[in-house]
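Structure first, commentary second.
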Amino acid sequence: MMEIEDVQIQLIDTPPLSKEHSQPELFDLIRSSDLILIVVDIQTNTFQQLEESLILLNRHKIIPKQSREKTIDERRIEFFPVMVVVNKDDDDKFDEDVKVFKELMETELPLVPISVLNKRNFVKLKNQIFECLGIIRIYSKPPGKEPDLTKPFILKKGNTVEELAGKVHHDFIHNLKTARVWGKNVFDGQMVGRDHVLFDKDIVELHL
211 MMEIEDVQIQ
221 LIDTPPLSKE
231 HSQPELFDLI
241 RSSDLILIVV
251 DIQTNTFQQL
261 EESLILLNRH
271 KIIPKQSREK
281 TIDERRIEFF
291 PVMVVVNKDD
301 DDKFDEDVKV
311 FKELMETELP
321 LVPISVLNKR
331 NFVKLKNQIF
341 ECLGIIRIYS
351 KPPGKEPDLT
361 KPFILKKGNT
371 VEELAGKVHH
381 DFIHNLKTAR
391 VWGKNVFDGQ
401 MVGRDHVLFD
411 KDIVELHL
(Lines of atoms letter the chains of each structure in order from A and count residues from 1; the text may use other names and numbers.)
(Lines give C-alpha, C1' and ligand atoms only; values in the text may rest on other atoms or scores of the structure.)
Protein backbone atom coordinates (compact mmCIF):
# COMPACT_ATOMS: atom_id res chain seq x y z
CA MET A 1 0.00 0.00 0.00
CA MET A 2 1.17 3.53 -0.77
CA GLU A 3 -0.08 6.24 1.58
CA ILE A 4 -0.68 9.60 -0.08
CA GLU A 5 -1.58 11.92 2.78
CA ASP A 6 -4.84 10.33 4.02
CA VAL A 7 -5.47 8.07 1.00
CA GLN A 8 -4.33 4.45 0.70
CA ILE A 9 -3.39 3.42 -2.85
CA GLN A 10 -2.89 -0.28 -3.60
CA LEU A 11 0.16 -0.97 -5.75
CA ILE A 12 0.39 -4.30 -7.57
CA ASP A 13 3.87 -5.38 -8.65
CA THR A 14 3.45 -7.47 -11.79
CA PRO A 15 5.99 -9.61 -13.62
CA PRO A 16 7.87 -7.72 -16.37
CA LEU A 17 6.03 -7.31 -19.67
CA SER A 18 7.67 -9.73 -22.08
CA LYS A 19 6.40 -11.26 -25.34
CA GLU A 20 8.12 -14.53 -24.38
CA HIS A 21 6.73 -14.90 -20.88
CA SER A 22 3.60 -12.74 -20.52
CA GLN A 23 0.53 -14.79 -19.62
CA PRO A 24 -3.09 -13.82 -20.46
CA GLU A 25 -3.79 -13.59 -16.73
CA LEU A 26 -1.31 -10.72 -16.49
CA PHE A 27 -3.28 -8.59 -18.94
CA ASP A 28 -6.53 -9.44 -17.16
CA LEU A 29 -4.92 -8.11 -14.00
CA ILE A 30 -3.80 -4.94 -15.78
CA ARG A 31 -7.36 -4.38 -17.06
CA SER A 32 -8.64 -4.38 -13.48
CA SER A 33 -6.43 -1.44 -12.52
CA ASP A 34 -7.21 2.28 -12.35
CA LEU A 35 -3.74 3.40 -13.45
CA ILE A 36 -0.86 1.68 -15.22
CA LEU A 37 2.71 2.49 -14.18
CA ILE A 38 5.32 1.43 -16.73
CA VAL A 39 8.63 1.19 -14.87
CA VAL A 40 11.80 1.54 -16.97
CA ASP A 41 15.49 1.57 -16.10
CA ILE A 42 17.32 4.80 -17.01
CA GLN A 43 20.64 2.96 -16.95
CA THR A 44 19.76 0.17 -19.42
CA ASN A 45 17.91 0.30 -22.79
CA THR A 46 15.30 2.75 -21.56
CA PHE A 47 13.67 3.49 -24.92
CA GLN A 48 13.46 -0.19 -25.81
CA GLN A 49 11.82 -1.06 -22.50
CA LEU A 50 9.13 1.58 -22.93
CA GLU A 51 8.49 0.78 -26.60
CA GLU A 52 8.18 -2.96 -26.02
CA SER A 53 5.85 -2.43 -23.07
CA LEU A 54 3.54 -0.17 -25.06
CA ILE A 55 3.55 -2.58 -28.02
CA LEU A 56 2.58 -5.52 -25.80
CA LEU A 57 -0.22 -3.54 -24.18
CA ASN A 58 -1.38 -2.44 -27.62
CA ARG A 59 -1.54 -6.04 -28.85
CA HIS A 60 -3.89 -6.83 -26.00
CA LYS A 61 -6.09 -3.80 -26.81
CA ILE A 62 -4.86 -1.82 -23.80
CA ILE A 63 -4.15 1.75 -24.91
CA PRO A 64 -3.00 4.81 -22.91
CA LYS A 65 -5.92 7.13 -22.29
CA GLN A 66 -3.65 9.97 -23.35
CA SER A 67 -3.55 8.51 -26.89
CA ARG A 68 -7.32 8.21 -27.33
CA GLU A 69 -7.59 11.12 -29.77
CA LYS A 70 -5.04 9.43 -32.07
CA THR A 71 -6.86 6.09 -32.04
CA ILE A 72 -8.90 5.59 -35.19
CA ASP A 73 -10.61 2.27 -34.46
CA GLU A 74 -11.77 1.99 -30.84
CA ARG A 75 -13.55 -1.36 -31.18
CA ARG A 76 -12.74 -3.72 -28.30
CA ILE A 77 -10.07 -1.29 -27.07
CA GLU A 78 -9.82 -0.31 -23.42
CA PHE A 79 -8.22 2.98 -22.44
CA PHE A 80 -6.31 3.47 -19.18
CA PRO A 81 -4.31 6.38 -17.76
CA VAL A 82 -0.62 5.47 -18.04
CA MET A 83 2.45 6.88 -16.29
CA VAL A 84 6.11 6.25 -17.02
CA VAL A 85 8.24 5.74 -13.90
CA VAL A 86 11.96 6.02 -14.64
CA ASN A 87 13.85 4.05 -12.00
CA LYS A 88 17.55 4.14 -11.03
CA ASP A 89 17.81 7.93 -11.23
CA ASP A 90 20.04 7.44 -8.22
CA ASP A 91 21.88 10.78 -8.22
CA ASP A 92 22.47 14.01 -10.16
CA LYS A 93 24.65 12.38 -12.82
CA PHE A 94 21.62 10.53 -14.22
CA ASP A 95 19.37 13.62 -14.33
CA GLU A 96 20.65 14.62 -17.77
CA ASP A 97 19.87 11.13 -19.11
CA VAL A 98 16.33 11.45 -17.78
CA LYS A 99 15.98 14.88 -19.38
CA VAL A 100 17.10 13.58 -22.77
CA PHE A 101 14.83 10.54 -22.49
CA LYS A 102 11.85 12.76 -21.69
CA GLU A 103 12.57 15.07 -24.62
CA LEU A 104 12.96 12.22 -27.11
CA MET A 105 10.16 10.03 -25.78
CA GLU A 106 7.61 9.73 -28.57
CA THR A 107 4.57 9.82 -26.28
CA GLU A 108 2.78 12.41 -24.18
CA LEU A 109 2.71 10.20 -21.12
CA PRO A 110 3.50 11.82 -17.76
CA LEU A 111 6.95 10.85 -16.49
CA VAL A 112 8.47 10.75 -13.02
CA PRO A 113 12.13 9.86 -12.36
CA ILE A 114 12.75 8.02 -9.08
CA SER A 115 15.31 5.92 -7.28
CA VAL A 116 14.01 2.89 -5.42
CA LEU A 117 17.50 2.53 -3.97
CA ASN A 118 17.44 5.81 -2.05
CA LYS A 119 13.73 6.77 -2.34
CA ARG A 120 14.55 9.79 -4.45
CA ASN A 121 11.48 11.72 -5.74
CA PHE A 122 9.01 9.48 -3.93
CA VAL A 123 6.89 12.48 -2.90
CA LYS A 124 6.76 13.63 -6.51
CA LEU A 125 5.76 10.11 -7.54
CA LYS A 126 2.92 10.05 -5.04
CA ASN A 127 1.62 13.44 -6.15
CA GLN A 128 1.70 12.40 -9.81
CA ILE A 129 -0.13 9.15 -9.08
CA PHE A 130 -2.83 11.06 -7.23
CA GLU A 131 -3.16 13.49 -10.14
CA CYS A 132 -3.31 10.75 -12.79
CA LEU A 133 -5.97 8.84 -10.86
CA GLY A 134 -8.24 11.87 -11.15
CA ILE A 135 -9.63 11.46 -7.65
CA ILE A 136 -10.74 13.83 -4.90
CA ARG A 137 -11.14 13.47 -1.13
CA ILE A 138 -14.41 14.47 0.50
CA TYR A 139 -14.85 14.67 4.28
CA SER A 140 -18.22 14.02 5.86
CA LYS A 141 -19.67 16.18 8.61
CA PRO A 142 -22.64 14.93 10.68
CA PRO A 143 -25.11 17.77 11.46
CA GLY A 144 -24.09 19.57 14.65
CA LYS A 145 -20.76 17.74 14.90
CA GLU A 146 -17.17 18.22 13.78
CA PRO A 147 -16.14 16.74 10.43
CA ASP A 148 -14.22 13.48 10.26
CA LEU A 149 -10.91 14.47 8.66
CA THR A 150 -9.30 11.04 9.03
CA LYS A 151 -11.25 8.88 6.57
CA PRO A 152 -12.26 10.72 3.41
CA PHE A 153 -14.65 9.38 0.83
CA ILE A 154 -12.84 8.94 -2.50
CA LEU A 155 -14.66 10.26 -5.56
CA LYS A 156 -13.71 11.07 -9.14
CA LYS A 157 -13.10 14.64 -10.26
CA GLY A 158 -16.39 16.17 -11.37
CA ASN A 159 -18.51 14.07 -9.02
CA THR A 160 -21.45 15.73 -7.29
CA VAL A 161 -23.16 15.79 -3.90
CA GLU A 162 -25.56 13.11 -5.17
CA GLU A 163 -22.67 10.76 -5.97
CA LEU A 164 -21.21 11.36 -2.51
CA ALA A 165 -24.58 10.52 -0.97
CA GLY A 166 -24.53 7.18 -2.77
CA LYS A 167 -21.08 6.47 -1.33
CA VAL A 168 -22.27 7.22 2.23
CA HIS A 169 -25.38 5.01 1.98
CA HIS A 170 -27.57 3.89 -0.91
CA ASP A 171 -30.72 5.20 0.85
CA PHE A 172 -29.23 8.71 0.89
CA ILE A 173 -29.56 9.02 -2.90
CA HIS A 174 -33.38 8.92 -2.72
CA ASN A 175 -33.83 10.75 0.58
CA LEU A 176 -31.26 13.53 0.16
CA LYS A 177 -32.87 16.98 0.32
CA THR A 178 -29.90 19.33 0.44
CA ALA A 179 -26.32 19.66 1.70
CA ARG A 180 -23.98 22.18 3.25
CA VAL A 181 -20.46 22.51 1.93
CA TRP A 182 -17.24 24.01 3.23
CA GLY A 183 -14.48 24.26 0.65
CA LYS A 184 -13.79 25.48 -2.87
CA ASN A 185 -16.16 27.78 -4.78
CA VAL A 186 -18.55 28.15 -1.83
CA PHE A 187 -18.76 30.23 1.31
CA ASP A 188 -18.48 28.24 4.55
CA GLY A 189 -21.58 26.16 5.16
CA GLN A 190 -23.28 27.13 1.91
CA MET A 191 -26.47 25.23 1.10
CA VAL A 192 -26.23 23.40 -2.22
CA GLY A 193 -28.28 20.97 -4.25
CA ARG A 194 -27.54 17.39 -5.18
CA ASP A 195 -26.02 18.45 -8.52
CA HIS A 196 -23.33 20.63 -6.89
CA VAL A 197 -19.86 19.63 -8.15
CA LEU A 198 -17.39 18.84 -5.36
CA PHE A 199 -13.66 19.56 -5.13
CA ASP A 200 -10.72 17.93 -3.34
CA LYS A 201 -10.90 18.28 0.45
CA ASP A 202 -14.41 19.70 0.51
CA ILE A 203 -16.34 19.11 3.75
CA VAL A 204 -19.97 18.07 3.22
CA GLU A 205 -22.91 17.85 5.59
CA LEU A 206 -25.80 15.86 4.10
CA HIS A 207 -29.42 16.62 5.05
CA LEU A 208 -32.25 14.12 4.55
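The sequence shown begins at 211 in this note's numbering and counts up one residue at a time. Using N, Cα and C, we set each Cβ at its ideal position, and we do this for glycine too.
Nearest candidate by alpha-carbon position, reference D405, set R390, T224, L260: Selection R390, T224, L260 evaluated against D405 yields R390 as nearest (Cα-Cα).
What I want to know is whether the C-beta of K303 ends up closer than 6 Å to one or more non-hydrogen atoms of the ligand FAD. With respect to the ligand FAD, the structure offers nothing, as it holds no ligand at all.
Buried versus exposed, by CB contacts within 10 Å (16 or more), F340: So F340 ends up on the buried side.
For the segment 293-301 against the segment 320-330, do three or more pairs of beta-carbon atoms, one drawn from each stretch, fall closer than 8 Å, so that the two count as touching? Verdict: yes, contact present.
Does the segment 372-383 come into contact with the segment 307-317, if we say contact requires no fewer than three beta-carbon pairs (one atom in each stretch) closer than 8 Å? Contact between the segment 372-383 and the segment 307-317 is absent, because fewer than three Cβ pairs lie under 8 Å.
Terminal residues of the alpha helix (DSSP H) in which K334 lies: In the DSSP annotation of this structure, the continuous segment of the alpha helix (DSSP H) that includes K334 starts and ends at 332-343.
Is the Cβ-Cβ distance between I219 and M212 less than 7 Å? Yes.
Mark Q258 as exposed unless 16 or more other C-beta atoms lie within 10 angstroms of its C-beta, in which case mark it buried. That one is exposed.
Residues that T388 bridges to, as DSSP identifies them: Per DSSP, H417.
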